[in-house]
Amino acid sequence: GCSHRRGRRDGVDVMRRRRRLSRVVSRRRPRHAGWNVAYDFNESDFVISRKLVSLYLTKSYEDDDEFLPWGSLKYLIGDAMYGGRVSDNMDRRVLVTYLSEYMGDFLFDTCQKFYFSQAGFAYDLPEPGPLENYQRHIEKLPLTNSPAVFGLHPNAEIGFYSNATKNMWVNLISLQPRSVDSGGGLSRDDIIAGTAKDIEGKVPIESLDIGSYDLMVVRSKLFERNGVNTPTPAQVVLLQELERWNLLVIKMAVTLADLQRAFRGEIGMSDDLDALGGSLFNGFIPQMWKRLMPNTQKPLGSWMSHFLERYTQYDLWIAHGEPKVIWLSGLHIPESYLTALVQTTCRALNWPLDKATSSTKVTEYTESAMPPAKLEHGTYIKGLYLEGAGWDAERMCLKRQEPKVLVVPLPILEMIPSGGAVKLHGVFVTPVYVTQDRRNAMGVGLVFEANLATDEHTSLWVLQGVALSLNTDA
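Okay, here's the thing in structure tokens:
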């Protein structure tokens, strides 16, 4: 039968711990699929963790214990040492998964040899013996590791280099001289003025006092539809959205008009207007607008299309009522709408609000084949993008990424409120972020968690950094 060998404590254990530290640190390299937050893991974390492992292994060996205290080790290392630095729940899930992958009795299983990874190279444990055995084994290890060694898909490396190139290009653009003539003979100022005029013509604004929407008029329309002078939770969200939207369009209209006046010499060119002109010339979203809009990493051109789609959704919502399929990316604060859904259902079904939750399911519907009617309770969600995995439309579950395909659109998602916790099996709890930058150290960026069906072990998707986003960077 199979036996467990505990004699490999010294050299093998050091190698095992160093490799795990290497995986934890090297995972920082891929921008999105690695860690959400950059952590300062260092040698002291490794040294103390190694001493803990050595202490427990030695004690177990000397006491002739039948089982090793893997649970205690995982807790001390995953929650106290490395885990003490981790502030993001999804990052903590990655760390715990690494520990489960690399710590257990399977390390000493003589029936099935343990490999850290077999991605292009067999990362295994050397046979016990003198120190020279371990040194020779270490010297055979590759100098560079593929993303698969860390549990990531090879596409993660494509994303890393693409983002590095993008950042380099942005920096090069910022260094170009201010006086640039295009082949058509237009000056830099002419190009900026033309861009400003073009965007100004697309900004849907009634007046600089109101913005796009007169909130008093909108409120009256909503009350008339309700039959009472009380807005529904979703209508409260709509009014708050329109208020924020008006601030953005007023800012855009005022600054674009002022920039054109400055070029005509009617007013002075301030630092803010100069920065606005530079952003328009380089194809970036101006910082003064970013302060009043949902977070995005899009360039100016594609953001303008996104901007006008938001306006269309607001218009249709006001005219025809709550959409049967909501585009969350078109909302300033999408979390507030999801909360309103739960509130509405709790009122209708007399559920206690503090115990209500929501469950999700990917449907067969797509944006080209919409659902026939609105859900009685809950909503359909469109415009989600899947990163780190693909979606199998036939089996209705996650599948491994195709080579060189980093992001794929997800079919329409169904979200249904429930009166209590729902236990689901065969699903991967997937974070949904506003952008592909995911979340920052303050926790900003996470919208909700979706349940995606899977026939693979969830550890695969955890290590591959599978996530959903409301927006792509393009």
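Under UniProt numbering, think of the first position of the sequence shown as 1, with each following residue one higher.
Note that beta-carbon positions come from the ideal geometry of N, C-alpha and C, so glycine has one too.
Exercise. What are the boundary residues of the beta strand (DSSP E) that includes A393?
Worked result: Note, A393: premise wrong, no beta strand (DSSP E); not H, not E.
For this session: Can you say whether Q401 is buried or exposed, counting buried as having 16 or more other CB atoms within 10 angstroms of its CB?
Result: buried
Exercise. What did DSSP end up calling W327 once you bin it into helix, strand or coil?
Worked result: strand
Exercise. Nearest to V444 by alpha carbon, out of G426, P294 and E66?
Worked result: P294
Problem set entry | C-alpha distance - S469 paired with M81, whole-angstrom precision | 31 Å
Exercise. At a cut of 8 Å, does the region 362-376 reach the region 421-437 through at least three beta carbon pairs?
Worked result: no
Problem set entry | I158 and K404 closer than 8 Å at C-beta | yes
Exercise. Any idea what DSSP makes of I381, helix, strand or coil?
Worked result: strand
Exercise. If you compare alpha carbons, which of P372, G278 and A356 is closest to P323?
Worked result: P372
Exercise. CA-CA distance, G390 and R188?
Worked result: 43 Å
Exercise. What three-state label does DSSP hand E322 in the structure shown?
Worked result: coil
Exercise. Where does N163 fall in DSSP's three states?
Worked result: helix
Exercise. For the alpha helix (DSSP H) that contains K290, what are its first and last residues?
Worked result: Q287 to K290
Exercise. What span of residues does the beta strand (DSSP E) with N451 cover, start to end?
Worked result: L446 to A453
Exercise. In chain order, what residues of the same chain have a beta carbon less than 6 Å from the beta carbon of T195, not counting five sequence neighbours either side?
Worked result: L280
For this session: Specify, as a first and last residue, the run of the alpha helix (DSSP H) that Y337 falls within.
Result: P334 to L349
For this session: Taking all protein chains shown into account, decide if M103 is buried (16 or more other Cβ within 10 angstroms of its Cβ) or exposed.
Result: buried
Exercise. With 16 as the cutoff for other CB atoms within 10 Å, does D40 come out buried or exposed?
Worked result: exposed
Problem set entry | Reduced DSSP category for L413 - H, G, I as helix; E, B as strand; rest coil | strand
For this session: Report the rounded CA-to-CA distance for G465 versus A257, giving the unit in angstroms.
Result: 44 Å
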